[in-house]
Structures are given as structure tokens and as C-alpha cells.
Amino acid sequence: MPATRLDLLDPADVARLGGIEIVAAGVVEGFLAGLHRSPFRGFSVEFTEHRAYQPGDELRYLDWRILARSDRLFVKQFEEETNLRAMILVDASRSMAWRGAPERLTKRAYADRLAAALALILLRQRDATGLVTFDEEVRQVIPARVKAGQWTRLVRGLLDTPDGHGTAAHAALQRLTALLARRGLVVLLSDLLFDRELALAALRYLRHRGHQVIVFHLMDPAEVELAGPPEVRFTDPESPASVVVRPRELARAYAATVQREVAAWRTACRRHGIAYHHVQTDLPFGMALRLLT
Amino acid sequence: MSFLHPLALLGLAAAAIPALLHLLHRRTPPELAFPPLRYLSEAERQSARRLKLRHLLLLLLRTALIVVVVLAAARPLVPVRGGGEHEPTAVVVILDNSPSSGAVVDGRPVLDRLRVAARESIARTSAADRVWLLLADGVIRAEGGGREALLASVDSATPDWRRLDLVQAVERAARLVHAEPLPGREVHVLSDVQRTAIATGHADVPPGVRILSLAPARGRPAANRGIASASVAEGAVLVAVTSSDGGDAVPLTVRIGTRDVGRALAAPGEGAAVSVALPPQRPGWWAGEAALEPDELRADDRRPFVWRVAPPARVAAGAAAGPFIGAALSVLRDARRVGEGRDVIVGDVPTGSTGRWVVQPPADPALIGQANRALAARGVPWRWEGGVVGTPGLLVSRELEQIAGAQVTRRYRLESTGRGGGEGEAAGGDVLATVNGEPWLVRAGDVVLLGSRLDTAWTGLPAAPGFVPFVDALVNRIVAGAAAVTVTEGTPRVEFRVRGADTVGATVFGLDPRESDLTAATPELVAAAFGPGALVLNDVRLAAERFAGTRRVDASTLLLALALLLAAAELGVATLTR
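If you're matching them up, the sequences are chains G and L in order. The numbering of the first sequence is the numbering used here, which starts it at 1 and goes up by one. The numbering of the second sequence is the numbering used here, which starts it at 294 and goes up by one.
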């Protein structure tokens, strides 16, 4: 166990230690040191627990005995071993390249490091892991593999994807559904600044195809609590839109709006069996990864 | 409301600062990228109404805060009402105990109510005040004898016979209190506020003097009738009756001593008068009284009158008097209206410097100059214009009704020389009859001049029925001069003036006829008379308003407290409504 667990340090401090590979490796070392079992559950032969049935679950995993006894639908979950196929989707739109303070990571940098760490964990578990980066278009597609050098390819894919332009994620997501033919785990890292219903439609489709979908909603702390000079013109980096506000006057209403938006995403995802996690970019990587356990 | 530091009010212009800052201080804000702009727009859309209200509220609060602070700096003095001490005040209490205050309204003399109010005004004063009492006699009573002396004067006041001109009284009182270096200055007008008492213009009230007038009692004013005047002429007494509400004729009784000598119905109204014939009396001075039936105001129900019955004049006709004069005097002598003697001489040219003369122009125009010189030597300020013949016309005379309308065909124009006459004998003042507006019969001292000879060749008068009465009046009354009877205001009575053993005149005292009109003035009329700041108040409000103008408190502390509240409210709105 390292003397200092990088997974629990401030992400910006950790990022200053080196490149993505070093940071991700350090984070994963620390993270795994705190775990004794695979956090990811698949459909293998080793039973772990029951959970409530959700539309889209395969009927063959229904526990018929519980159904007969209590007339309630539960499915059995099994500890997966090597057959998990994971695809990590990273939003590379321009809004992701923003940070509220110089001492913090941009949302994109945070997403890249989180994605690299996650991929390293999965690959160490012998799970096939792939990567997709997108903005308005699908920029990089690295198919899921478990062979040696896959993590390096994934990291290079992240590094080779520049910050994009506007976000029309639903279009990119719909194209991704065609790429993800085999069901598996889909992890989306995005600030979700796009049309919720259209994006949910794509995510629902993935869920319908049998994928286990996890959404990381990344936000800079400055996006959660409005601050700034007495009067300021805020501009949208992805469009010509702008608005003049007095942050102190609008802070409370803005915070309420953000809370509503997060709650709306959480409710919609839960309704469709999608795991949703709201993550601020000052959250240590280990804490973010722990949300998956 | 007044201010201790009124110049500080200039700071009120600062109240515009918040609005000006809002309008002028609009700079271009800095520009920052902010990805979740959609959340921001949504929040702003939902908060737009609240923010507008907040901005407006803040603007109002900040403006009000500045205004209140500036007002507090100006140290406003706010009048307060109610009990408590008042600031030192100079006050004149006008108790109108004029005759009309004796009227009975609702079974109670008006003066009783006025006395109660006056007593309260004086009793409310303190040692630091200066107080005077003004009654209808016009005397301003100072407090030299102490408050008790003034209160005693109030208590002992009875309806006076003198009329009080309220406008003059208020002006005098206002000037008096204005001269006092005290913070408060008030005039309390306790009167029945007759409209006739304030109809003589408006009082010049200095600024800062409060005029508080007691309002007339509620209800209709008493219907009153009074005798406006009573005078004797040509053997009859002429009585004018006045009334505050018109109305029907009222019974009138004329008495001499205790004996009723005549009754009549007198219709009230301006210009209307009733004539009651008096019985013939022996020569001498006689006094009588005209009386109405008693009503709510007793003071004007009786009025005395006086007249003189002269003894028959001893008359002599001059050589050139003419036949008609001689015939008339003969008739009068037979009737014992005149006697033999030379007290009065009727002729062409006055000779000597004594005696009473009735002078007619000479028949010969050549003697006009001689006659004029004789008149001038006698000191008569009239002369016949030589050779100037006046136009024919009809006689007009108010004093000698018996000759009015008689034709004059020939006459000399009488002109005033402006010499010799006393101050009271202006040229027009002695004209007793005119023709075509020009003097025809004039009197100058004990000389009476005619414009025509009393002859049918000059005038139709000798042939008229009124000629003998005219000659009777001419020699018995006109040339002897009217008996000096003057009328003045005072307790109804008659006073005779004597010179040696002779009674030479009389003064009849009576009520000013304007006192009979009990109609109260309207508040508008009061405001016009006493100034727009005058307050007409009933008993209750008068009690509250007395000295209220001088009870002032410095409201700056209150305003500063209000400013603190406003500041707290501003802070609350600015922080809690973010």
C-alpha cells in the first residue's frame, strides 16, 4: 500500500504529478488497494446477489423461486470473470474543455484521467475494454480488446482527441449504438450539456440492446454554484448565445435550476435502468471510481 | 411644519442619486465563457419578475433613505395636538359682546357660550404666555391685573351697546401679538360672527399669527327684527325696520312718554319706512320712542327719537317783498303760525349784519350788483350771476316736498363765491331746492336766497296750494336752521345740548342697525376677512386647536429611526432576495 493514496487526493494535485498514464496507474493502485473484490458484476456462474427486475433484463436470469413465493420479480446477479466488454465514451466537446478556476482540471482532463483509470481497472480484470471519443462526430473508436498494449492504445486515443466543437451527442450516441453490437458495459463521461430527451433516447436504446449503462455527469464546481464579478456577460463556448447577469442576484435561482436539472437526469436514468452519477471535477478520482462499486 | 435648518433641504436633490446612478452607471460588463448557459437562462427567466420587483424596491428604499436623512438633517418641527404644555404664546382673546351677543338662541344667550370659550382660552394660558382681552368697547385689556382680573372681566361682560368691527379688531390683535417675541402667536375670535361684522374688507394678518374663530352655534339663526332708525320730519316720525330674514310686517308702537300716540304695521326691508303722524305739540323739545314687540334680540326692539317744535317766528315783509308774500304772511299770521316782529325779514337786499333774511332777487336787473355786494358784505358765499338767466324748469327739493314739481319760468342762476362759508357749509350742502340741477334755493347761515322772485311772473309757486306751507317752512324752519339732532351709537337714550338757558340740540343714542342682522358669516367669508389661514372651529375643535400651533416637536429623532428602519429594510432586501 503506497504511503499516499493518489486516488484520494485532489484531482488537480494528482494531475500535476505526470501524464495520464502515471496518474491513472497511481490512482488505480491506490483504488485497488482498498478493494478485495471486483466491483463489476456480469452474468457468470458465480452468484452474488439479487436485484429488482428492470425492463430489458433477460428473463432467463429471473429467480423463479422468489417469483413463486412472493410474486415479485428479482433477477440473479453473478460475479463476472472475463467475459465483460466495456466501452468508455468520452465527451470531447468544447464545453468539456472549460474549468471554473485555473487550479482545477478541465472537465475533459478530468474525464480523460478517470477514463484511463477505469480502463486500467477493467483491463487488469481481463475485461475487454474499448474507447470512443466524440463531440458532434465520433472522433476516435478503439474497439474493446483485452490484449497487451490495449491500455496504451486507449490512453493514446484520449491524447489524440483534440477538444471539439459543439455538442450534438444524441447523433453521435446513435451512431455509437451501431458500433456496440455485443452487449456489455457502456460508461459515458460527459457534462450532459445537450438535449436530455434526445440523449436519453440513445441511452435507452443501448439499454434496450442489453448494455449496462453508467453515466458520469461531470460538472465543474463553478457550474454548480454561480459566482463571478458583480455584473458579467456569460457566453456559451459552443454557440454565439450570451446573457448579462449579476451572479450574486441569480446564484440562488441558478443553484436551484442546477439541482432540478441533476434531479431530472437522475430520475430519467433510474427510470430506464441507467446508473447515473453526478461528479464534480474536484472529487478525488478514487471517490468517483468508488461510485461504481 | 417648519425646519430649524431649512437650507439642509437642498440636499433633497440627492434623492435622485440612486436613479441617476442606475441610469448613468451602466458600463459594459466583462465577458466570461460559461458552458451551462442554458441553466443560467432558465434561472434568469424564472427570476425575472422577482428581480424587477427587487430592483424597484431597492430604488425606492434607497431614495426614501436619502430623503429621510436629509429631512432629519433639516430638523423639522412638527406641530402636535392634545394635552401637554405649549410653547410661550402671545394671545389676544376677542370676546365679541356687541349687542347681537344678547340674542337668545336655543334658550341661551349667545354671550354665555362666548364667555365659556373666552374663559377657557385665558385659563389655558401659562405664566410664560402673554394674554390680552378685547371686548366690544375696543379697549385691549392687558394682564397687568393678573389672569384673575381678565377672567373677572370675562365673567362680568354683558352685551354692550357698541358694535364691534371684527375685521379691525382682528387686525389690531394680530399686530399686537406679532410684535411679541414669543414662539406662538394666536388670536381667538369668540363671536357670533355676524356677516355684517366682517363685511368691511379683510384684516391684514402678519404671517405666523394663527386666527382661531369660534363657529356659530348650530341651527337656524334667530329670526330678528329691529328698528333701524326713527326720525321726525314735518310732524311725523319716520321709522325704518330691519330684519335678518325679510319676513312680514310687524306691529310698531310710537310713544311719547308713557302715552301711545300711534300704531302702524312696519314692513322690514332696506329703504322701507313707515310714517306715523305725531300729535301737535307745544313749542319745545319733545322725545318719543318707537317700539316693536319683543323677540330673541331685545336690544333693537326700541329706539328713541327727538324733535323740536319751534315757536312762531316774528316776520316782517320788506318793501319789495311782493303781494304774494304779503298775502301768505297774512294767512299765517291769522293762523298764529307767525307773529309781528323782525326776527325774520323777507325782502330784496339784506341790510345790516344781523337778523334772519329770506332774500329774493331784485325785480330790476340793474339792482343785482347792489344786492350781490350787500350779500358779500353780510358774508354770504352765494350771489346771483348778473345778467345770466337760467333756463325754465321744475323745482326739485327733498326738504320741501310742498314745492316739488312747481314750474319756474324765470330765474337767476345762483353761484357760490366760495367765501365766507364754514367748513360744514360746502356749496352743495346748503342747496335746498334746484331747477334743472342748478341751485334755486340755498341757505347760508341765517340768510336764505331764492333764484326767482315769489311772483307768478317768475314761478307758478305762488299759485300753487303748497305756497303758504312753503312760506311757513321758510320762515319758521328753513331760515332758522334745522334743530341740531344727531344720531349716534350707544345705550338708547336722548341727551340735550344746552347753551346758557337754551337747548340748542339733542343727541339720540341707539343701536347700530347692522347688529340686527343675526345671519352668521360663512366660512368662506371668514376666510376672506381674516385670511385663508383662519380656522373656524366648533367648541370641541377650538379646545383642541388652542395653542396647538405652538406645540411642536423636533421630528429628526423619529426620522433618524425611520432611516435606520429603511436601511435595515434595504439591507434585508439586498441580501435576502438574492
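Note that CB positions come from ideal geometry on N, CA and C, so glycine has one too. These numbers were taken from a predicted model, which means no experiment stands behind them.
- With distances taken between CA atoms, ARG691/L lies nearest to LEU734/L out of ARG601/L, ARG649/L, LEU734/L.
- Around the beta-carbon of GLN259/G, fewer than 16 other beta-carbon atoms lie within 10 Å, marking it exposed.
- Classified as exposed, GLY439/L has fewer than 16 neighbouring CB atoms from the shown chains inside 10 Å of its CB.
- Assignment of ARG595/L by DSSP, reduced to helix, strand and coil, places it in the strand class.
- ILE415/L carries a helical assignment under DSSP once its states are collapsed to helix, strand and coil.
- Here DSSP, grouped into helix, strand and coil, assigns LYS345/L to helix.
- Taken atom to atom, the span from the alpha-carbon of PRO658/L to that of SER536/L is near 56 angstroms.
- Exposure of PRO604/L is indicated by the presence of fewer than 16 other C-beta atoms within 10 angstroms of its C-beta.
- Of all residues in the segment 311–342 of chain L, only ARG320, THR321, PRO322, PRO323, GLU324, LEU325, ALA326, PHE327, PRO328, PRO329, LEU330, ARG331, TYR332, LEU333, SER334, GLU335, ALA336, GLU337, GLN339, SER340 place a beta-carbon less than 9 angstroms from a beta-carbon of chain G.
- Of the candidates GLY19/G, ARG5/G, GLU49/G, ARG5/G places its Cα closest to the Cα of VAL28/G.
- In the DSSP assignment, no residue is bridged to GLN54/G.
- Where GLY865/L is concerned, the enclosing alpha helix (DSSP H) starts and stops at 849–869.
- For PRO240/G, the closest C-alpha among the options PHE327/L, ASP765/L, LEU305/L, GLU782/L is that of PHE327/L.
- For THR152/G, no beta strand (DSSP E) segment is defined; the enclosing uninterrupted segment is the alpha helix (DSSP H) at 150–160.
- When DSSP reads this structure, GLY477/L sits in a beta bridge with THR382/L.
- In terms of beta-carbon proximity, GLY130/G stays away from the interface with chain L, with every pair separated by 8 angstroms or more.
- DSSP places GLY581/L in the strand class (E or B) of the three-state scheme.
- Among the residues of chain L, those whose CB is under 7 angstroms from the CB of VAL245/G are LEU333, GLU337, following chain order.
- With fewer than 16 other Cβ atoms inside 10 Å of its own Cβ, MET287/G counts as exposed.
- DSSP places GLU137/G in the coil class of the three-state scheme, outside both helix and strand.
- Taking a Cβ-Cβ cut-off of 9 angstroms, the neighbours of GLU231/G in chain L comprise ARG320, PRO322, PRO323, given in sequence order.
- Using a Cβ-Cβ cut-off of 8 angstroms, LEU344/L counts as an interface residue toward chain G, since at least one Cβ of chain G sits closer than that to its own.
- Positions of the alpha helix (DSSP H) runs, each at least 4 residues long and wholly inside the segment 726–774 of chain L, are given as 760–766 in order along the chain.
- In the structure shown, ARG60/G falls within a helical segment according to DSSP collapsed to helix, strand and coil.
- Taking 8 angstroms as the cut-off, the beta carbon of ILE520/L is found no closer than this to the beta carbon of ALA420/L.
- Rounded to the nearest angstrom, the gap between the Cα atoms of LEU853/L and LEU352/L is 19 angstroms.
- Among the CB atoms of chain L, one or more fall inside 8 angstroms of the CB of PHE234/G.
- Membership of PHE234/G in any alpha helix (DSSP H) is not indicated; the residue belongs instead to the beta strand (DSSP E) covering 232–235.
- Taking all protein chains in view, the Cβ of VAL361/L is crowded by 16 or more other Cβ atoms within 10 Å, so the residue is classified as buried.
- Annotation for TRP265/G: the continuous alpha helix (DSSP H) segment containing it runs 247–271.
- For GLU782/L, the enclosing beta strand (DSSP E) starts and ends at 777–782.
- Taken in chain order, the complete alpha helix (DSSP H) segments of 4 residues or longer contained in the segment 611–666 of chain L are 616–627.
- At least 8 angstroms separates the CB of GLU58/G from every CB of chain L.
- Remark: three or more beta-carbon pairs, one from each stretch, lie closer than 8 angstroms, so the segment 494–510 of chain L and the segment 457–468 of chain L are flagged as touching.
- Assignment of GLU441/L by DSSP, reduced to helix, strand and coil, places it in the helix class.
- Rounded to whole angstroms, ALA442/L and VAL787/L show a C-alpha spacing of 33 angstroms.
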